[in-house]
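Asks: The structure is given below, and queries will be raised subsequently.
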Amino acid sequence: ICLSKRFSLLPKFVHGLVIEADLVVGNALLSYFCKAGFPNLAVELYNDMLDRGFTPDKYSFVGLLSGLCGARRIDEAINVYHGIIVNYPDQDAYIHTVITDGLIKAGKLYKAIRVFRKAVVEKYPLDAVSYTVAIHGLLKSGRTGEACTMYNQMKEDSITPNARTYNVILYISCRERDLKMVIQLLQ
17 ICLSKRFSLL
27 PKFVHGLVIE
37 ADLVVGNALL
47 SYFCKAGFPN
57 LAVELYNDML
67 DRGFTPDKYS
77 FVGLLSGLCG
87 ARRIDEAINV
97 YHGIIVNYPD
107 QDAYIHTVIT
117 DGLIKAGKLY
127 KAIRVFRKAV
137 VEKYPLDAVS
147 YTVAIHGLLK
157 SGRTGEACTM
167 YNQMKEDSIT
177 PNARTYNVIL
187 YISCRERDLK
197 MVIQLLQ
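To convert, take the position in the sequence shown, counting from 1, and add 16; that gives the working numbering.
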């Protein structure tokens, strides 16, 4: 169902089955609602999971943040993200990547980059995927100089760019005919 992106079939598939709701089922449904285009249902489900006494994990947080960003509840998403970081400080790079990507997809690049830069300054765990998402957002919006700076910051932080990082930079730089960025990348 997920691979075919025919999410509307899921309710028909599970109708009549007795499924014990647990954190794994809840997280799977959070992901389903976000991917199926029902971010408000993801937020409702997250709240229901808390009401039922589930202790959220990183997948729950990702589902909630994706739902909030998808529903364009940007300020709420940022507040929830900050709450997660304060109350659950051992988050890995995934949570930072998700909020950055969600804000970019919602058209809130400035807020996304502000959140990402704070993660860099606070020394939160980031990886090549996190940086690539932020660099991609900057390049898409024509902020080449900032993308170069972020790329250099990535290398200074001893994070090795991956093939996706190079592909994103080269693709957008060539599309925009930005020779300066291509030369920077090749150095």
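Beta carbons are placed, not taken as given, at the ideal position from N, Cα and C, and that holds for glycine.
Do you know how far the Cα of V136 is from the Cα of D173?
Replies: Looking at the two C-alpha atoms, the distance is approximately 9 Å.
Asks: Mapping DSSP to helix, strand and coil, what is Q203?
Replies: Three-state result, Q203: coil.
Asks: Grouping DSSP H, G and I as helix and E and B as strand, with all else coil, what is Y62?
Replies: Residue state, collapsed to three classes: helix.
Asks: Spatial neighbours of S216 within its chain, please: CB distance less than 7 Å, with the 5 preceding and 5 following residues excluded, ordered by chain position.
Replies: Given a span of 17 to 203 for the chain in the structure shown, any question on residue 216 remains unanswerable.
Asks: Which stretch, first to last residue, makes up the alpha helix (DSSP H) that contains I151?
Replies: A144 to K156 is the span of the alpha helix (DSSP H), which, as asked, contains I151.
Asks: In terms of alpha-carbon separation, which member of D73, F54 and N56 lies closest to V41?
Replies: Closest by alpha carbon: D73.
Asks: So, helix, strand or coil for F49, using DSSP?
Replies: Three-state result, F49: helix.
Asks: Near A144, what residues of its chain come up, given a Cβ to Cβ distance below 8 Å and the 5 sequence neighbours on each side ignored?
Replies: Once the five neighbours on either side are set aside, the close Cβ partners of A144 are M170, I175, T176, P177, N178, R180 and T181.
Asks: Alpha carbon to alpha carbon, how far is L195 from I115? Give it in angstroms, no decimals.
Replies: I115 and L195: Cα-Cα distance of roughly 31 Å.
Asks: Excluding the 5 residues flanking L57 on each side, which residues of the same chain have their C-beta closer than 6 Å to its C-beta?
Replies: So the list reads F49, once near-sequence residues are dropped.
Asks: Could you tell me the boundaries of the alpha helix (DSSP H) in which I100 lies?
Replies: Taken as a continuous stretch (DSSP letters only), the alpha helix (DSSP H) holding I100 covers I90 to N103.
Asks: Taking only the alpha-carbon atoms, compute the straight-line gap between L186 and V198 and give it to the nearest angstrom.
Replies: Between L186 and V198, the C-alpha separation is close to 6 Å.
Asks: Between the alpha carbons of Y75 and H152, how many angstroms are there, rounded?
Replies: Using only the alpha carbons, I get a separation of about 24 Å.
Asks: Would you mind working out which of R193, V96 and Q107 sits nearest L155, comparing C-alpha positions?
Replies: It is R193.
Asks: Quick check: the Cα distance between E162 and L45, rounded to an integer number of angstroms?
Replies: One C-alpha to the other measures close to 37 Å.
Asks: Is K139 helix, strand or coil by DSSP?
Replies: Of the three classes helix, strand and coil, the one that applies to K139 here is coil, per DSSP.
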